[in-house]
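See structure below.
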Amino acid sequence: MNIAFGHTNMDLDCLGSLILVRKLFPEYRLVRSRLIHPEAQNLYDFYQQYFDFLDPKDIETEVIENIVIVDTCMAERVGEYFSHIRNSAPDIRIYDHHPIESCNIQGAKVEGGNYGANTSFLGKLAMEQGIRLLPEEATIALTGIYADTGRLIFENVSRADFEVSAWLMDMGASLKLVKSFLETIREDAQLAILNQAFMVLQPRIIQGHELLLSYLELGENTPGLAAVVEKIMEIRNPDAFFALFAIPKTKTVLLIARSQKAKINLHELLHVYGGGGHQLAGSAKINGREGPEFFEEFLDYLEQSLTPATRAADIMTRDVHRVSETMSLLEASVFLEKADLTGAPVLDAEGNVSGFISLRDIMKGRKAGVMKAPVRAYMSKPAVTAGSNVTMREIERIFYKHHIGQLPIVEDRKLLGILTRWDYLQYRKRQVGREA
Ligand SMILES: [Mn+2]
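Here the sequence shown is numbered in our numbering, starting from 35 and rising by one per residue.
Now the structure itself:
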């Protein structure tokens, strides 16, 4: 017999991969995990018949010749299946989109690749072989891709994820159903906790980072807390969110965290608490601690361990083109054109920033036929400026509020540097990202 399975606690990408294994390896039977991730339960309930799963105990009496494993190459995540395999020396083949250096399944032939979702890995193979899918199968696969790629927007997304998604649309995938299967807040208990958490959110600025914290006591551990945390993260958009859920009955504290800044690395930060995860998503379970006391300790820990946020001084350009108040509009326009700029800060006789002159301001002078008029008469004043100590979040708000392209950075009205929208976007490009 030939079998195929994914990791324990099957999630949506795992199911998406498995539905394609059925097409790619029709002579293989799928084996299910005894655990289904809460995010995948709904899709699983609707579509079980399309997988035709065997139970692990069904394979105990079989001789297994070949195994295909998808979406993991970690022995500890497939132990539950192997514990049911007897009297067999199977050939093992793995398709996994995670970094494969850490593979520890003995004797397996491992195929890796750069895909946001493992489903895209197998989808690419299916496309190349001209395989056709039922609309239901296409919907299952597309849900897997959307789940693991944050709807095609996480850092790990590759061209293949888009290609395979387009192919699945051709095969009749329903985006309406995909959307409904991706809904993460389904239980009344989750909704109740979501409402309570909103009431106790504590915004804090630590080392210049705009953080959100919450502390809630629960009667018992509740499934789907991570989805609640992500929903709040999405709505409030802090640099990072640390949600603490204390369960007094068992003296445990669950810490679930999300970040959207490279400088707040949750993998490193939660390590001391025995936590796991990756850079931008992590969690830890702290045993034998009282909630309120741990919360205080955790705040101190954040103060001490976070590296300071990036500030204007860190990324501004120091060598700034500037214009003096007494220059004529004509001189200023020639100067800006030569420097290939759309505008520049204006300095008065004392060297203080007194305004900002843009090509648009100069255009008004040109229309009025007064190109000999001094810059002082046509510049925008006072200039919108910021101190060198402002954080990138504050700069983001300044750019959002004032429709300017350049922000002079000043100290006591003296020009220190300039920060453009382009600089800001380059900074953002280095931050945003997430991996499944
Ligand atoms: Mn995956």
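Each residue gets a CB set at the ideal place from its N, CA and C atoms; glycine is no exception.
Can you tell me whether DSSP reads LYS448 as helix, strand or coil?
Here residue 448 corresponds to residue number 414 of the sequence shown, with the count starting at 1. LYS448: strand per DSSP, three-state reduction.
Can you give the Cα-Cα distance for GLU251 and ALA280, rounded to whole angstroms?
As a working mapping, residue 251 is identified with position 217 in the sequence shown. As a working mapping, residue 280 is identified with position 246 in the sequence shown. Going by the C-alpha atoms only, they are around 5 Å apart.
State the CB to CB distance for the pair GLY377 and PHE390, rounded to an integer number of angstroms; the pair is presumed to be in contact (CB under 8 Å).
As a position in the sequence shown, residue 377 is number 343, starting the count at 1. As a position in the sequence shown, residue 390 is number 356, starting the count at 1. Sure, about 6 Å apart at Cβ, within 8 Å.
Which whole-angstrom value describes the C-beta separation of ILE452 and ILE443, a residue pair presumed to lie in contact below a C-beta threshold of 8 Å?
Along the sequence shown, read from residue 1 onward, the residue named residue 452 stands at position 418. Along the sequence shown, read from residue 1 onward, the residue named residue 443 stands at position 409. Going by Cβ atoms, the distance from ILE452 to ILE443 rounds to 6 Å, so yes, they are a contact pair.
Grouping DSSP H, G and I as helix and E and B as strand, with all else coil, what is ASP395?
Along the sequence shown, one-based indexing puts residue 395 at 361. Three-state DSSP puts ASP395 in a helix.
Following the continuous beta strand (DSSP E) through SER214, name the residue where it begins and the one where it ends.
Position 180 of the sequence shown holds residue 214. Here SER214 belongs to no beta strand (DSSP E); instead the alpha helix (DSSP H) covers 209-216.
Please state the DSSP three-state secondary structure of THR173.
Taking the sequence shown and counting its residues from 1, the one referred to as residue 173 is at position 139. Three-state DSSP puts THR173 in a helix.
To the nearest angstrom, report how far apart ILE187 and PHE196 are at their CA atoms.
Mapped onto the sequence shown, residue 187 falls at position 153. Mapped onto the sequence shown, residue 196 falls at position 162. When rounded, the distance between both Cα atoms is 10 Å.
Taking 7 Å as the cut-off, decide whether the C-beta atoms of THR183 and GLY150 are in contact.
Taking the sequence shown and counting its residues from 1, the one referred to as residue 183 is at position 149. Taking the sequence shown and counting its residues from 1, the one referred to as residue 150 is at position 116. Against a cut-off of 7 Å, the Cβ pair of GLY150 and THR183 comes out as a contact.
Do GLU171 and ILE53 have their CB atoms nearer than 7 Å?
Within the sequence shown, the letter at position 137 stands for residue 171. Within the sequence shown, the letter at position 19 stands for residue 53. Yes, the Cβ-Cβ distance between GLU171 and ILE53 is below 7 Å.
I'd like the list of long-range same chain contacts for SER358, defined as Cβ closer than 6 Å, with 5 residues on each side in sequence excluded.
Residue numbering aside, residue 358 sits at position 324 when the sequence shown is read from its first letter. Counting only Cβ-Cβ distances below 6 Å, and skipping sequence neighbours, we find LEU381.
Whole angstroms is fine: what's the gap from ALA274's alpha carbon to HIS355's?
Taking the first residue of the sequence shown as position 1, residue 274 is located at position 240. Taking the first residue of the sequence shown as position 1, residue 355 is located at position 321. About 36 Å.
Taking 6 Å as the cut-off, is the C-beta of ASP182 nearer than that to any heavy atom in ligand 1?
Counting from 1 along the sequence shown, the entry for residue 182 is found at position 148. Yes, the Cβ of ASP182 comes within 6 Å of a heavy atom of ligand 1.
I think LEU64 touches PHE87, with their Cβ atoms under 8 Å apart; what is that distance to the nearest whole Å?
One-based indexing of the sequence shown puts residue 64 at position 30. One-based indexing of the sequence shown puts residue 87 at position 53. Confirmed, about 5 Å.
Under the rule that 16 or more other beta-carbon atoms within 10 Å means buried, what is GLY50, buried or exposed?
For the purposes of this step, residue 50 is identified with residue 16 of the sequence shown, where counting begins at 1. Classification of GLY50: buried, given that the 10 Å Cβ count is 16 or more.
Given 8 Å as the limit, is there contact between the stretch 210-223 and the stretch 291-299, that is, 3 or more CB pairs closer than that?
Because the criterion of three Cβ pairs below 8 Å is not met, the stretch 210-223 and the stretch 291-299 do not touch.
Where LEU289 and ILE269 are concerned, what is the direct C-alpha to C-alpha distance, given to the nearest angstrom?
Here the question's residue 289 lines up with position 255 in the sequence shown. Here the question's residue 269 lines up with position 235 in the sequence shown. Cα to Cα, LEU289 sits roughly 19 Å from ILE269.
Run through DSSP, which three-state label would MET44 get?
Here residue 44 refers to the residue found at position 10 when the sequence shown is read from its first residue. Strand.
Who are the Cβ neighbours of ILE239 in its own chain at under 8 Å, not counting the five residues just before and after it?
For the purposes of this step, residue 239 is taken as residue 205 along the sequence shown, with counting starting at 1. The residues are LEU245.
Could you check which residue in GLU302, HIS305, GLY308, ALA315 has the C-alpha nearest to that of ALA277?
As a first step, residue 277 is located in the sequence shown; it is residue number 243 there, counting from the start. Selected option, being the one with the closest Cα: ALA315.
Can you give the Cα-Cα distance for TYR458 and PRO257, rounded to whole angstroms?
As a first step, residue 458 must be located in the sequence shown, where it is residue number 424. As a first step, residue 257 must be located in the sequence shown, where it is residue number 223. The straight-line gap from Cα to Cα measures roughly 39 Å.
For the stretch 69-157, which segments carrying the beta strand (DSSP E) assignment without a break, of at least 3 residues, lie completely within its bounds, in sequence order?
Here the runs fully enclosed are 100-104, 125-130, 143-146.
For TRP201, count neighbouring C-beta atoms within 10 Å of its own C-beta (all shown protein chains included) and say buried if the count is 16 or more, exposed if not.
Against the sequence shown, residue 201 aligns to sequence position 167. By the neighbour-count rule (16 or more Cβ atoms within 10 Å), TRP201 is buried.
Which residues bound the alpha helix (DSSP H) around LYS463?
The sequence position of residue 463 within the sequence shown is 429, counting from 1. Segment 455-465, the alpha helix (DSSP H) holding LYS463.
What are the boundary residues of the alpha helix (DSSP H) that LEU202 is part of?
For the purposes of this step, residue 202 is identified with residue 168 of the sequence shown, where counting begins at 1. Per DSSP, LEU202 belongs to the alpha helix (DSSP H) from 193-204.
For my contact list, ALA123 and SER154 are in at a C-beta cut-off of 8 Å; report their separation, rounded to the angstrom.
In the sequence shown, counting from the first residue as 1, residue 123 sits at position 89. In the sequence shown, counting from the first residue as 1, residue 154 sits at position 120. That belief does not hold up - the Cβ atoms of ALA123 and SER154 are roughly 32 Å apart, past 8 Å.
Return yes when the Cβ of VAL287 is within less than 7 Å of the Cβ of ARG323, no when it is not.
The residue you call residue 323 lines up with position 289 of the sequence shown. The residue you call residue 287 lines up with position 253 of the sequence shown. Yes, they are a contact pair.
Quick one: Cα of ASN148 to Cα of SER192, how far?
Start at 1 with the first residue of the sequence shown, and residue 148 comes out as number 114. Start at 1 with the first residue of the sequence shown, and residue 192 comes out as number 158. The alpha-carbon atoms of ASN148 and SER192 are separated by roughly 7 Å.
Rounded to whole angstroms, what is the Cα-Cα separation between GLU469 and ASN152?
As a working mapping, residue 469 is identified with position 435 in the sequence shown. As a working mapping, residue 152 is identified with position 118 in the sequence shown. Note that GLU469 scores a pLDDT of 48, beneath 50, so its modelled location is shaky; the value from the coordinates is reported in the next line. Each residue's alpha carbon lies about 12 Å from the other.
Could you have a look at ARG400 and say whether DSSP puts it in helix, strand or coil?
As a working note, residue 400 is residue 366 in the sequence shown. The answer is helix: DSSP assigns ARG400 an H, G or I state.
With H, G and I counted as helix, E and B as strand and the rest as coil, what does DSSP make of PHE39?
What you label residue 39 is simply residue 5 of the sequence shown in a count that begins at 1. In this structure, PHE39 counts as strand in the three-state DSSP scheme.
Just to confirm my understanding: we take MET405, look at its own chain, exclude 5 residues before and 5 after, and list those with CB closer than 7 Å. What are they?
As a position in the sequence shown, residue 405 is number 371, starting the count at 1. Closer than 7 Å at the Cβ level, and outside the excluded window around MET405, lie SER362, LEU363, LEU364, GLY399.
Spell out the partners DSSP gives TYR249 in its beta bridges.
Counting from 1 along the sequence shown, the entry for residue 249 is found at position 215. TYR249 pairs with LEU278.
So for ASN299, helix, strand or coil by DSSP?
The residue given as residue 299 occupies position 265 in the sequence shown. Of the three classes helix, strand and coil, the one that applies to ASN299 here is coil, per DSSP.
Answer yes or no: the CB of ASN152 versus the heavy atoms of ligand 1, is any distance below 6 Å?
Residue mapping note: residue 152 aligns to position 118 of the sequence shown, counting from 1. Yes, the Cβ of ASN152 comes within 6 Å of a heavy atom of ligand 1.
For the stretch 125-133 and the stretch 74-90, state whether three or more C-beta atom pairs, one from each stretch, are separated by less than 8 Å.
Not touching, per the Cβ criterion.
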